[in-house]
Every structure is written in C-alpha cells, then in structure tokens.
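**Student:** Have a look at this one.
In the working numbering, the protein residues as written are 3 to 411.
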C-alpha cells in the first residue's frame with residue numbers, strides 16, 4: 003500500500019543523518035536520512051532516501067540540496083498489505099536504489115503462518131517472496147519477481163537489469179536449503195536462472211547485502227559475482243557469470259569473501275580468514291584465473307576510483323591505521339598513524355581523499371579525511387558515522403554509528 007507521507011523529517015536529535023560539506027565541515031542539520039539506505043542522484047544535487055524503516059512500513063522519498071539546507075521534494079509511506087484477515091502484514095524491506103536515485107527495489111515476503119491456523123503454508127517453502135520496483139518520484143509500484151522463499155535484489159550499473167537472489171532457507175550450519183540467482187530485465191521480463199555446478203546452489207555473497215558499498219555487478223554491468231551455497235552461505239567459493247547468465251566460472255577457493263570489483267572489472271578483491279575476526283588476508287584475484295596477489299592484512303579494503311590503488315586498514319583492532327597498496331608495484335605505504343577502531347573506509351570519487359570513520363576515545367572518535375598521497379589527516383566535526391560520498395566528492399551524507407567495536411578500557 004502506498005500513500006503520500008506528510009509527517010516530519012527533522013531536524014532530529016543527535017541520531018539523525020546530516021549532509022556535510024567536506025571543504026568547510028558545515029552540516030545541514032539532523033534528519034531521518036541514513037546513508038546506508040540512500041542514493042545520490044548522478045549530478046549530486048540531491049538523493050533518494052528512506053526513513054523510519056520497520057519490517058512492515060517505510061518512508062521513501064527524494065531530497066534536494068539547497069545551499070546548506072536539505073529540502074524534501076516528495077515522500078511516500080509504503081506499508082505491507084495484510085496477508086490474511088486478522089493476520090500479520092507482509093514484511094517489506096528496502097533492497098537497492100537504481101543508479102538514477104529514483105527507483106527503489108523493495109522485497110516483500112509473507113509472514114509465518116500461525117500453527118493453529120487452517121491456512122496452509124506455501125507448498126514450496128515457508129514464505130512467498132516478491133520483488134517490486136517503486137518509483138519515488140511518481141509513487142508507481144511494479145511487481146517484477148515472485149517466487150517461493152525470500153528474495154534480494156541488486157540493480158545493474160546501467161539500471162537495465164536486476165540480479166535476484168532467492169533463498170528458501172538454511173540449516174543450523176548455514177547450508178542453503180534451496181537457493182538460486184536469477185537475472186531479469188528492469189521490468190521483470192526475460193528471467194534467466196544462473197546454473198551452478200552440479201550439486202551447488204548459488205546466492206549473493208553476504209558483502210553484497212549492502213549494495214551501496216559493495217556491488218555484485220561488475221562496474222560495466224557485463225558480469226556478476228555469486229557465491230556457492232552448498233557448504234555454507236559464508237564459506238562457499240566465489241564464481242563470476244556473464245550478465246546473460248552464461249559462462250559461469252569459479253574464481254576463488256571456499257572460505258573467501260568478496261570485497262569489491264576493480265573499476266575496470268579486471269580484478270576482484272577478496273578477503274580470506276586468518277583466525278582473527280578483525281584481521282583477514284586481503285588478496286587480488288583475476289576473474290580469468292591465475293595466482294592471487296597479496297595486498298596485506300586488514301578488514302575493509304577499498305579500490306581507488308582509478309583502480310591503481312587499494313586502501314585498507316591495518317594494525318590492532320582498536321588502533322587501526324590506513325595504508326595504500328600500489329597495484330602496479332605491489333608496495334604498501336602508510337597514510338596515517340593509529341586512528342581507532344574502524345567503522346568504515348570510503349574513497350572520495352575524485353580519489354584524492356579517503357574518509358575514515360572510527361571509534362576511539364571520546365575526544366578522538368570521529369570521521370577523518372586522510373589524504374591519499376599521505377600528506378595529512380584532517381578531522382571533521384562529526385562523530386563516528388556511516389558514510390556516503392556525493393558523486394562529485396563535495397559532500398558526505400552521514401548518520402551516527404551506534405554500537406560497540408573492539409573493546410576500550
């Protein structure tokens with residue numbers, strides 16, 4: 003169910019989101035926006051946003067920057083419809099904004115059937131899953147996929163295709179009890195099931211569950227990375243497949259986690275466990291095969307926009323510093339001293355600055371701008387936050403990080 007939303011968006015208390023001018027440090031005030039669920043428009047003049055998200059409703063809208071103010075252009079309240087008279091509503095979840103920042107993928111699945119009801123559960127699974135495209139400017143809704151199980155979706159970089167991951171469930175060891183990846187057109191037509199090796203179900207890597215920061219699609223939309231779910235959703239091998247669902251090939255061993263495509267699509271970053279949950283081996287792999295190259299040890303590697311470098315965190319969990327790996331020479335250079343426990347590391351689209359969000363002691367917990375050439379570090383007047391750069395690298399959309407990370411005395 004969709005209806006216009008006429009409630010308040012802020013300013014809110016400290017837990018609200020804000021837009022930060024990285025040159026001056028000026029902020030727009032606090033609003034309900036969350037960078038983990040936002041998408042800048044391609045020209046950087048505004049963004050699609052979500053607010054007040056629960057498992058049965060959400061507010062979806064469009065906001066524009068007006069100087070240092072944020073102006074909401076329109077917003078809608080989305081609610082899951084009631085599954086049966088007197089019963090629970092369908093659960094709805096935001097999935098991914100299209101590259102235009104206007105169209106949002108929303109998944110829905112039917113609630114569990116109470117054991118005393120006469121209504122049978124779906125024959126092929128515990129829930130029915132659906133995927134919709136919601137236009138945040140017009141309010142139009144289109145069903146593009148429906149099948150038993152729970153579904154996730156990710157837009158291709160051109161916005162013409164959608165990769166859908168469907169999961170019927172998993173056991174106590176996280177082995178899939180039925181999973182598949184389907185590639186569809188943006189209108190839901192021409193579905194193609196990606197076929198895995200015999201006995202192997204395929205699913206999205208868990209890193210791609212936050213598609214604004216980690217995308218399964220290659221940058222040009224020609225390939226998709228998927229994960230084997232035969233052993234466990236977190237332990238299967240990684241595969242690449244063409245956008246038409248053909249040419250599946252394995253690119254990693256079991257146990258490696260996807261960490262990002264290079265901007266030219268010729269290499270893939272992965273992390274491999276070392277026994278320390280905060281310190282993984284960072285490796286470079288070629289989708290065409292070949293021996294992996296070691297980058298270093300850390301938790302959150304990220305490609306530079308030109309693909310020539312990889313930034314990563316290193317050091318003890320509570321004293322992470324930032325380093326840069328040169329892909330051509332294979333050498334790493336320290337860019338900062340110890341900053342704190344890392345929340346997020348994000349390159350500016352211009353490639354000159356890396357935004358680093360850390361938790362440390364009260365006086366040093368903040369967002370820092372680390373110069374990519376190692377020439378300096380600047381602290382922004384913002385506490386530990388989730389981060390999303392604007393397309394031109396002039397602003398950061400931030401929202402406070404809430405939670406613990408490592409342990410401080």
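Backbone N, C-alpha and C define an ideal beta-carbon position, used for all residues, glycine too.
No experiment lies behind these values; they were computed from the predicted model shown.
Compute the Euclidean distance between the alpha carbons of residue 155 and residue 164, then round it to the nearest angstrom.
**Tutor:** Start at 1 with the first residue of the chain shown, and residue 155 comes out as number 153. Start at 1 with the first residue of the chain shown, and residue 164 comes out as number 162. Residue 155 and residue 164: Cα-Cα distance of roughly 6 Å.
**Student:** Which of helix, strand or coil does DSSP assign to residue 337?
**Tutor:** Locating residue 337 in the chain shown gives position 335, where the first residue counts as 1. Here residue 337 sits in coil by DSSP.
**Student:** Quick check: what's the CA-CA separation for residue 11 versus residue 19?
**Tutor:** In the chain shown, counting from the first residue as 1, residue 11 sits at position 9. In the chain shown, counting from the first residue as 1, residue 19 sits at position 17. Spanning the two alpha carbons is a distance of roughly 10 Å.
**Student:** Take residue 203 and list the residues in its own chain whose beta-carbon comes closer than 8 Å to its own, dropping the five residues that flank it on each side.
**Tutor:** As a first step, residue 203 is located in the chain shown; it is residue number 201 there, counting from the start. Closer than 8 Å at Cβ, skipping near neighbours: 178, 180, 181, 182, 230, 231, 232.
**Student:** Beta-carbon separation of residue 320 and residue 343 under 7 Å?
**Tutor:** On the chain shown, position 318 is the one that residue 320 refers to. On the chain shown, position 341 is the one that residue 343 refers to. Yes, the pair counts as a contact, with Cβ atoms nearer than the cut-off.
**Student:** Taking a contact to mean a Cβ-Cβ separation below 7 Å, would you say residue 395 touches residue 352 in this structure?
**Tutor:** Locating residue 395 in the chain shown gives position 393, where the first residue counts as 1. Locating residue 352 in the chain shown gives position 350, where the first residue counts as 1. Cβ atoms of residue 395 and residue 352: closer than 7 Å.
**Student:** Assuming residue 22 contacts residue 312 (C-beta within less than 8 Å), just tell me the rounded distance between them.
**Tutor:** Locating residue 22 in the chain shown gives position 20, counting from the first residue. Locating residue 312 in the chain shown gives position 310, counting from the first residue. Actually they do not touch by this definition, with Cβ atoms about 25 Å apart.
**Student:** Sorted by chain position, which residues of the same chain lie with C-beta nearer than 7 Å to residue 222's C-beta, five sequence neighbours on each side aside?
**Tutor:** Walking along the chain shown from the start, residue 222 turns up at place 220. Taken in chain order, the residues that qualify are 159, 267.
**Student:** Whose C-beta lies closer than 8 Å to the C-beta of residue 28 among residues of the same chain, with five residues either side of it excluded?
**Tutor:** Taking the chain shown and counting its residues from 1, the one referred to as residue 28 is at position 26. Once the five neighbours on either side are set aside, the close Cβ partners of residue 28 are 22, 70.
**Student:** Just checking my contact of residue 355 with residue 368 at CB under 8 Å: how many whole Å lie between their CB atoms?
**Tutor:** The sequence position of residue 355 within the chain shown is 353, counting from 1. The sequence position of residue 368 within the chain shown is 366, counting from 1. Residue 355 to residue 368, Cβ: 15 Å. No contact.
**Student:** Near residue 77, which residues of its chain fall below 6 Å by C-beta distance, leaving aside the five closest residues on each side in sequence?
**Tutor:** Counting from 1 along the chain shown, the entry for residue 77 is found at position 75. 7, 61, 63, listed in sequence order.
**Student:** Along the chain, where does the beta strand (DSSP E) containing residue 250 start, and where does it finish?
**Tutor:** For this step, residue 250 is matched to residue 248 along the chain shown. Run containing residue 250: none; DSSP gives neither H nor E here.
**Student:** What are the complete beta strand (DSSP E) segments, minimum 3 residues, inside the segment 246 to 299?
**Tutor:** Whole beta strand (DSSP E) segments, 3+ residues: 259 to 263, 270 to 278, 281 to 287.
**Student:** Give a yes or no on whether the C-beta atoms belonging to residue 109 and residue 95 are separated by under 7 Å.
**Tutor:** Here residue 109 corresponds to residue number 107 of the chain shown, with the count starting at 1. Here residue 95 corresponds to residue number 93 of the chain shown, with the count starting at 1. A contact, by the Cβ cut-off of 7 Å.
**Student:** In terms of residue numbering, what span does the beta strand (DSSP E) encompassing residue 71 cover?
**Tutor:** Against the chain shown, residue 71 aligns to sequence position 69. That run of the beta strand (DSSP E) goes 71 to 81.
**Student:** Measuring CA to CA, which of 224, 73, 53 is closest to residue 31?
**Tutor:** If you number the chain shown from 1, residue 31 lands on position 29. When each option's Cα is compared against that of residue 31, the closest is 73.
**Student:** Take residue 323 as the anchor and find which of 56, 360, 138, 387 has the nearest alpha-carbon.
**Tutor:** Within the chain shown, numbered from 1, the residue matching residue 323 stands at position 321. Closest option to residue 323, Cα to Cα, is 360.
**Student:** If you reduce the DSSP assignment to three classes, tell me which class residue 170 lands in.
**Tutor:** The sequence position of residue 170 within the chain shown is 168, counting from 1. Here residue 170 sits in coil by DSSP.
**Student:** Figure out for me which residue from 206, 238, 67 has the closest Cα to the Cα of residue 226.
**Tutor:** Within the chain shown, numbered from 1, the residue matching residue 226 stands at position 224. Of the listed residues, the one whose Cα sits closest to residue 226 is 206.
**Student:** Under 7 Å, do residue 168 and residue 146 count as touching if we go by C-beta distance?
**Tutor:** In the chain shown, counting from the first residue as 1, residue 168 sits at position 166. In the chain shown, counting from the first residue as 1, residue 146 sits at position 144. No; because the gap between Cβ atoms is not below 7 Å, this pair is not in contact.
**Student:** In angstroms, rounded to a whole number, what distance separates the CA positions of residue 264 and residue 246?
**Tutor:** Counting from one through the chain shown, the residue named residue 264 turns up at place 262. Counting from one through the chain shown, the residue named residue 246 turns up at place 244. Computed Cα separation, rounded: 21 Å.
**Student:** Residue 398 by DSSP, collapsed to three states: which one?
**Tutor:** In the chain shown, counting from the first residue as 1, residue 398 sits at position 396. Residue state, collapsed to three classes: strand.
**Student:** Can you give the Cα-Cα distance for residue 105 and residue 138, rounded to whole angstroms?
**Tutor:** Your numbering for residue 105 matches position 103 in the chain shown. Your numbering for residue 138 matches position 136 in the chain shown. One C-alpha to the other measures close to 6 Å.
**Student:** How many angstroms separate the CA atom of residue 241 from the CA atom of residue 271?
**Tutor:** Here residue 241 is taken as the residue at index 239 of the chain shown, counted from 1. Here residue 271 is taken as the residue at index 269 of the chain shown, counted from 1. Taking the straight line joining both Cα atoms gives about 13 Å.
**Student:** On the DSSP letters alone, give me the boundaries of the beta strand (DSSP E) that residue 186 sits inside.
**Tutor:** Within the chain shown, the letter at position 184 stands for residue 186. Here the beta strand (DSSP E) through residue 186 covers 181 to 187.
**Student:** Please classify residue 347 as buried or exposed, where buried requires at least 16 other C-beta atoms within 10 Å of its C-beta.
**Tutor:** The sequence position of residue 347 within the chain shown is 345, counting from 1. Answer is buried; the Cβ neighbour count reaches 16.
**Student:** Check whether the Cβ atoms of residue 166 and residue 194 sit closer than 7 Å, and answer yes or no.
**Tutor:** By one-based count along the chain shown, residue 166 stands at place 164. By one-based count along the chain shown, residue 194 stands at place 192. No. Outside cutoff.
**Student:** Around the Cβ of residue 258, are there at least 16 other Cβ atoms within 10 angstroms (buried) or fewer (exposed)?
**Tutor:** Position 256 of the chain shown, counted from the first residue, corresponds to residue 258. Residue 258 is buried by the Cβ-count criterion.
**Student:** Would you mind giving the Cβ-Cβ distance between residue 285 and residue 269, rounded to the nearest angstrom? I have them listed as a contact below 8 Å.
**Tutor:** On the chain shown, position 283 is the one that residue 285 refers to. On the chain shown, position 267 is the one that residue 269 refers to. Contact doesn't hold; Cβ gap of about 10 Å is too wide.
**Student:** Determine which residues share a DSSP beta bridge with residue 48 and list them.
**Tutor:** By one-based count along the chain shown, residue 48 stands at place 46. For residue 48, which the question treats as bridged, DSSP gives the partners 66.
**Student:** DSSP three-state call for residue 237: helix, strand or coil?
**Tutor:** Here residue 237 is taken as the residue at index 235 of the chain shown, counted from 1. It is coil, neither helix nor strand.
**Student:** Take the Cβ of residue 144 as the centre, count every other Cβ of all protein chains shown within 10 Å, and call the residue buried at 16 or more, exposed below.
**Tutor:** Along the chain shown, read from residue 1 onward, the residue named residue 144 stands at position 142. The residue is exposed, with fewer than 16 neighbouring Cβ atoms inside 10 Å.
**Student:** Three-state secondary structure (DSSP) at residue 208?
**Tutor:** Within the chain shown, numbered from 1, the residue matching residue 208 stands at position 206. Of the three classes helix, strand and coil, the one that applies to residue 208 here is helix, per DSSP.
**Student:** To the nearest angstrom, how far is the alpha carbon of residue 49 from that of residue 200?
**Tutor:** One-based indexing of the chain shown puts residue 49 at position 47. One-based indexing of the chain shown puts residue 200 at position 198. For residue 49 and residue 200, the distance between alpha carbons rounds to 43 Å.
**Student:** Using the C-alpha atoms, what's the distance from residue 51 back to residue 35?
**Tutor:** By one-based count along the chain shown, residue 35 stands at place 33. By one-based count along the chain shown, residue 51 stands at place 49. If you take the alpha carbons of residue 35 and residue 51, they lie about 6 Å apart.
**Student:** Would you kindly report the start and end of the unbroken beta strand (DSSP E) that includes residue 403?
**Tutor:** Within the chain shown, numbered from 1, the residue matching residue 403 stands at position 401. Residue 403 -> no beta strand (DSSP E), and no H or E assigned at all.
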